[in-house]
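**Student:**
There are 2 protein chains.
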Amino acid sequence: MREAELIQKISKGAAKSSFGRHAELLGIGDDAALWKPRPGHEVILSCDWFLEGTHFLRDKHPPDAVGWKALARALSDIAAMGGAPVCFLLALALPTDLTGRWLDAFLGGMGRAARKFSCPLVGGDTTRRSEVLINLTVIGQIASRRALLRSGARPGHSLFVSGRLGEAELGLWLLRKFGRIPSRGKSRAFLSKHLYPEPRLALGRWLAEQRLASAMIDLSDGLSTDLPRLCASSNVGARIEAAKIPTVRMALSMPERSPDSLELALHGGDDYELLFSVPAKKVPQVPRSYGGVRITRIGEVTKPGSIVLVDRNGCELPFANRGWDPFRET
Amino acid sequence: MREAELIQKISKGAAKSSFGRHAELLGIGDDAALWKPRPGHEVILSCDWFLEGTHFLRDKHPPDAVGWKALARALSDIAAMGGAPVCFLLALALPTDLTGRWLDAFLGGMGRAARKFSCPLVGGDTTRRSEVLINLTVIGQIASRRALLRSGARPGHSLFVSGRLGEAELGLWLLRKFGRIPSRGKSRAFLSKHLYPEPRLALGRWLAEQRLASAMIDLSDGLSTDLPRLCASSNVGARIEAAKIPTVRMALSMPERSPDSLELALHGGDDYELLFSVPAKKVPQVPRSYGGVRITRIGEVTKPGSIVLVDRNGCELPFANRGWDPFRET
């Protein structure tokens, strides 16, 4: 296969799954993609590595899930700003022997995500490599001055999270332990959250439109890593109630010595849920769920200094930053 | 070094070289970058791999040149559309032992290019990897409906190229042959074109503003690869006069058995010159040079069918597509 054929295959896959061209977009086939933004809007830009061996394993993760997840996790950054997706660029390096069925399945999964989240592929770059390397650039837009930054949290604001935390990490643990995907049951749900995460785009957009949140971040590396990031940007501290964190509900049939649910919720990566702060007077407007996704108050923003985790008795538990960090020596 | 420190280092390097924040830009430090486009303009989007072993060699290419070239070559796609750079995202994976001096020099070279081409760094992604992996996304803008596509060439239009073709390939050949960078002389000029290419942004923008060109592409993979791309997009053929192609001027002191200058010009990659078509009635308006860069008419656009290379006697020479293709079996 020559590069031109590969680009044609990707382009055809994009068109077939109707995640190719848009009326306002010039896509694959020129030196660059062109797009006309909506007047009065700002452009949101983000890129994400998704590398074999680091972010996924070729022998454990189905190519369909690799394609889906590569786009879904990149779009989580658009969700975290409160924006709407516009389009994406795919930089793909892969071995020649994966340009057949593996690539078809990969493009299939990516195409399903592109349709689901209304985000067409408009360009990219391809090359040959012994390992699969993926870098996705996602482009979004949002009405001017409505973007939800990490820096807007103030002491007294309440802290909320969407969904349940730690499910994706438990899914990865199950995949590692059993080495295959169960056909049904609770395990499959956890695994699905690990393989096919859903960025909280609708919730993020709604929070920005309603001006409910004062600051927001997506939980990609774990609460214990991402909460300190939000606190540092806002120059605040936080007090989190351990009992209020929405942890995974373990099934009775769960294998023994499965990981602790609080540990999973604090340090598990890949959840792609939203963590956001809300000023006290707007807290009553926050619903218990939005679009089927639960919303839970887990604590409050405090003065700068420390991030504290408290148990039911008011005793402080350690809140160590132990989420995902590719540069940590293990 | 932890990821946060690495991001801080990149962010500081960006600020120091004043290629960090812009008045209208929210840069590094949030979930995504934000940018407000100019009204009446379209957004140009492109991304480019720059991988150790494929696009550069860690033991041959100075980190300063790796940083410069990664940005310069990505910006060539903005030049090829006739646009102006806005900002870029840097996705960088590297081994921990390169986060010191190597990274400093890399960021230095990238910072110089960012200042030179007015294109600030606004975000990206970092991770650890045994080899250096770089993916750059560049964002540009251009007044609506002024972008120069590959698809606008028509039979009878003249074909022009900027600069001289094959210089970068000769520079790479010299680097491979002698394994080091000469301190002066003609060789150094060729090497400089290989290590520190300059995207033809000013020329590209001028051609779009003056509405002189009907189609344009940048020569990244070699004339013999990129001309067929332009012809395919425009559904036309071409007739190129070999004697008119601006080839490298070999120095007298050149080593024997150095490559043929026409071969270099046809198949050499990495020139980042512009190839563009101009309607007959506008040809007299094309200057002999623009901003110190020579502009040469090399042939004309013909009816669809074939791309022909002719010598001084009108004899046809082979015009085989032998430029850079990462998927070609060698």
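Chains A and B, in that order, are what the protein sequence lines are.
Read in order, the letters of the first sequence are residues 51 to 380 in the working numbering.
Read in order, the letters of the second sequence are residues 51 to 380 in the working numbering.
Glycine included, each C-beta is placed from N, C-alpha and C at the ideal position.
1. Note down, in chain order, each residue of its chain lying with its Cβ closer than 6 angstroms to the Cβ of A/Leu101, except the 5 sequence neighbours on either side.
2. So is B/Arg200 buried or exposed if we call it buried at 16+ other beta carbons inside 10 Å?
3. Note down, in chain order, each residue of its chain lying with its Cβ closer than 7 angstroms to the Cβ of B/Asn371, except the 5 sequence neighbours on either side.
4. For A/Ala82 and B/Leu95, I'd like the C-alpha separation in whole angstroms.
5. Would you mind listing the alpha helix (DSSP H) stretches within the stretch 131-178 of chain B that are 4+ residues and don't spill past its ends, in chain order?
6. What residues from chain B crowd round A/Ala197, counting only those whose CB sits closer than 7 angstroms?
7. Alpha carbon to alpha carbon, how far is A/Lys110 from B/Ala193?
8. Would you mind telling me which residues of chain B sit closer than 8 angstroms to A/Val93, beta carbon to beta carbon, in chain order?
9. Does the stretch 339-359 of chain B come into contact with the stretch 201-210 of chain B, if we say contact requires no fewer than three beta-carbon pairs (one atom in each stretch) closer than 8 angstroms?
10. Would you list the one or two residues that DSSP bridges to A/Met266?
11. Using a cut-off of 7 angstroms between C-beta atoms, extract the partners of B/Ala141 located in chain A.
12. Touch check for the stretch 216-228 of chain B and the stretch 137-147 of chain B: three-plus C-beta pairs under 8 angstroms?
13. A/Val343 and A/Leu253 - do their beta-carbons sit closer together than 8 angstroms?
14. With DSSP run on the structure shown, which of helix, strand or coil describes B/Glu291?
15. Are there three or more Cβ pairs, one per stretch, closer than 8 angstroms when the stretch 332-340 of chain B is compared with the stretch 280-288 of chain B?
16. Would you mind telling me which residues of chain B sit closer than 8 angstroms to A/Arg178, beta carbon to beta carbon, in chain order?
17. Strictly under 8 angstroms for the Cβ-Cβ distance: is B/Met160 near chain A by that measure?
18. Cβ of B/Ala197 within 8 angstroms of Cβ of B/Gly272?
19. Report buried or exposed for A/Arg52, applying the criterion of at least 16 other Cβ atoms within 10 angstroms of its Cβ.
20. Which residue or residues does DSSP assign as beta-bridge partners of B/Asn185?
21. If we define contact as Cβ-Cβ less than 8 angstroms, is A/Gly70 a contact residue for chain B?
22. Quick one: Cα of A/Lys294 to Cα of A/Leu215, how far?
23. Going along the chain, which residues of its own chain have a beta-carbon closer than 8 angstroms to the beta-carbon of B/Leu251, five neighbours each way excluded?
24. Taking a Cβ distance cut-off of 7 angstroms, strictly less, list which residues of the stretch 255-276 of chain A are near chain B, in chain order.
25. In chain B, what lies closer than 9 angstroms to A/Lys128 by C-beta?
26. Whose C-beta lies closer than 7 angstroms to the C-beta of A/Ile267 among residues of the same chain, with five residues either side of it excluded?
27. Beta-carbon of B/Val172 versus every beta-carbon of chain A: anything under 8 angstroms?
28. Report back the beta-carbon spacing between A/Ala155 and A/Trp118 to the nearest angstrom; my notes put them in contact at under 8 angstroms.
29. I want to verify the contact list: residues of chain D whose CB lies under 8 angstroms from the CB of A/Leu56, in sequence order.
30. Exposed or buried, A/Ala73, counting other C-beta atoms within 10 Å across all chains shown (16 or more means buried)?
31. Taking Cβ positions, are B/Pro247 and A/Thr177 nearer each other than 8 angstroms?
32. Identify which residue in A/Val328, A/Gly173 and A/Lys243 has its Cα closest to the Cα of A/Gly63.
33. Any beta-carbon of chain A closer than 8 angstroms to the one on B/Ser308?
34. In chain A, which residues lie with their C-beta within 9 angstroms of the C-beta of B/Arg200?
35. Going by the DSSP bridge assignment, what does B/Val351 pair with across the sheet?
36. Which value, in whole angstroms, describes the spacing of the CA atoms of A/Leu269 and A/Arg362?
**Tutor:** This is what the structure gives:
1. Only Leu183 meet the Cβ criterion.
2. buried
3. Ser274, Thr275 and Pro278
4. 5 angstroms
5. 151-166
6. Leu84
7. 47 angstroms
8. Leu84, Trp85, Lys86, Pro87, Val93 and Ile189
9. yes
10. A/Phe326
11. Cys97, Trp99 and Asn185
12. no
13. Contact flag set, yes.
14. strand
15. no
16. Thr104, Pro376 and Phe377
17. no
18. no
19. A/Arg52 is exposed by the Cβ-count criterion.
20. For B/Asn185, the beta-bridge partners assigned by DSSP are B/Trp99 and B/Ala141.
21. The predicted position of A/Gly70 is uncertain, since its pLDDT is 44 and thus under 50; a value taken from the coordinates is nonetheless stated next. So no, A/Gly70 is outside the interface.
22. 11 angstroms
23. Leu125, Ile128, Ala129, Ala134, Pro135 and Phe167
24. Under the 7 angstroms Cβ criterion, the stretch 255-276 of chain A contributes Ile267 and Asp268.
25. Reading off the sequence shown, one finds Ile at residue 128 of chain A, where the question assumed Lys. Under the 9 angstroms cutoff, chain B gives Asp81 and Ala82.
26. Ala130, Arg200, Asp276, Arg279, Leu280 and Leu325
27. yes
28. Not quite, the Cβ-Cβ distance comes to about 10 angstroms (not below 8 angstroms), so this is no contact.
29. Here chain D cannot be found, since the structure's protein chains are A and B.
30. Because A/Ala73 carries a pLDDT of 45, less than 50, the predicted location of this residue cannot be relied on, and no value is offered for it.
31. Between B/Pro247 and A/Thr177, the CB-CB gap reaches or exceeds 8 angstroms.
32. A/Gly173
33. no
34. Gly79, Asp80 and Asp81
35. B/Ala288
36. 24 angstroms
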